[in-house]
Amino acid sequence: MPQSKSRKIAILGYRSVAFTKLITVNGQEYHLQLVDTAGQDEYSIFPQTYSIDINGYILVYSVTSIKSFEVIKVIHGKLLDMVGKVQIPIMLVGNKKDLHMERVISYEEGKALAESWNAAFLESSAKENQVYSL
0 MPQSKSRKIA ILGYRSVAFT KLITVNGQEY HLQLVDTAGQ DEYSIFPQTY
50 SIDINGYILV YSVTSIKSFE VIKVIHGKLL DMVGKVQIPI MLVGNKKDLH
100 MERVISYEEG KALAESWNAA FLESSAKENQ VYSL
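Heads up: the sequence shown begins at 0 in numbering that gives the first Met the number 0, then just goes up one per residue.
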């Protein structure tokens with residue numbers, strides 16, 4: 000197998016979490032360094048470190064929180080102010096999809112927002128521990 004490559008991904012969102020992960024895409028291993036933005040909200044300063052040497056962005060909101068959905072829009076705007084409309088991949092992720100009774104953001108709303116940003120979209124659940132193919 001070819002030597003693994005390294006990629007730096009920033010996960011941005013309302014009090015999100017991050018980690019490192021080894022993934023395989025088309026037979027190539029990638030070591031992902033996922034940048035933590037825990038505690039960020041729409042009033043936080045957007046550190047320039049979130050725009051240096053980043054290979055992609057994952058913007059995460061909770062499908063159970065209107066606040067997190069609104070905050071992710073502001074974070075996306077700040078991201079564009081920082082890096083401009085360059086061709087860095089962006090994915091919008093609606094998290095906590097397993098909480099059906101508490102859902103306030105529909106799949107369609109998330110998908111429409113992602114399409115307006117020309118971003119990939121999916122919904123996830125840490126509880127369900129699903130594997131996704133993109």
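Glycine is no exception: its CB is placed at the ideal position from the N, C-alpha and C atoms.
Coil, strand or helix - I44 by DSSP: As a first step, residue 44 must be located in the sequence shown, where it is residue number 45. Only weak support is given to the placement of I44: the predicted model assigns it a pLDDT of 48, under 50, and the value that follows is read from those uncertain coordinates. If DSSP states are grouped into helix, strand and coil, I44 belongs with coil.
With 16 other Cβ atoms within 10 Å as the buried cut-off, status of N117: On the sequence shown, residue 117 is found 118 positions in, with the first residue counted as 1. It counts as exposed.
Where the alpha helix (DSSP H) through S115 begins and ends: Translated into the one-based positions of the sequence shown, residue 115 becomes position 116. S115 -> alpha helix (DSSP H) spans Y106 to W116.
Helix, strand or coil at V16 [DSSP, three-state]: For this step, residue 16 is matched to residue 17 along the sequence shown. Any answer about V16 is weak, because its pLDDT of 43 lies below 50 and its placement is not dependable; what the coordinates show is given next. Residue state, collapsed to three classes: coil.
Cα-Cα separation between H99 and E28, rounded to whole angstroms: Translated into the one-based positions of the sequence shown, residue 99 becomes position 100. Translated into the one-based positions of the sequence shown, residue 28 becomes position 29. Rounded to the nearest angstrom, the two C-alpha atoms are 35 Å apart.
Between the CA atoms of F120 and E114 - distance to the nearest angstrom: In the sequence shown, residue 114 corresponds to position 115, counting from 1. In the sequence shown, residue 120 corresponds to position 121, counting from 1. When rounded, the distance between both Cα atoms is 8 Å.
Nearest-angstrom beta carbon gap, G93 and Y60 [assumed within contact, 8 Å]: Numbered from its first residue, the sequence shown carries residue 60 at position 61. Numbered from its first residue, the sequence shown carries residue 93 at position 94. With a Cβ gap of about 6 Å, Y60 and G93 count as contacting.
Same chain, Cβ closer than 6 Å to I104, five either side skipped, listed in chain order: Mapped onto the sequence shown, residue 104 falls at position 105. The answer, listed in chain order, is V62 and F68.
Proximity of D97 and S124 at Cβ, strictly below 7 Å: For this step, residue 97 is matched to residue 98 along the sequence shown. For this step, residue 124 is matched to residue 125 along the sequence shown. Result yes, Cβ atoms of D97 and S124 sit closer than 7 Å.
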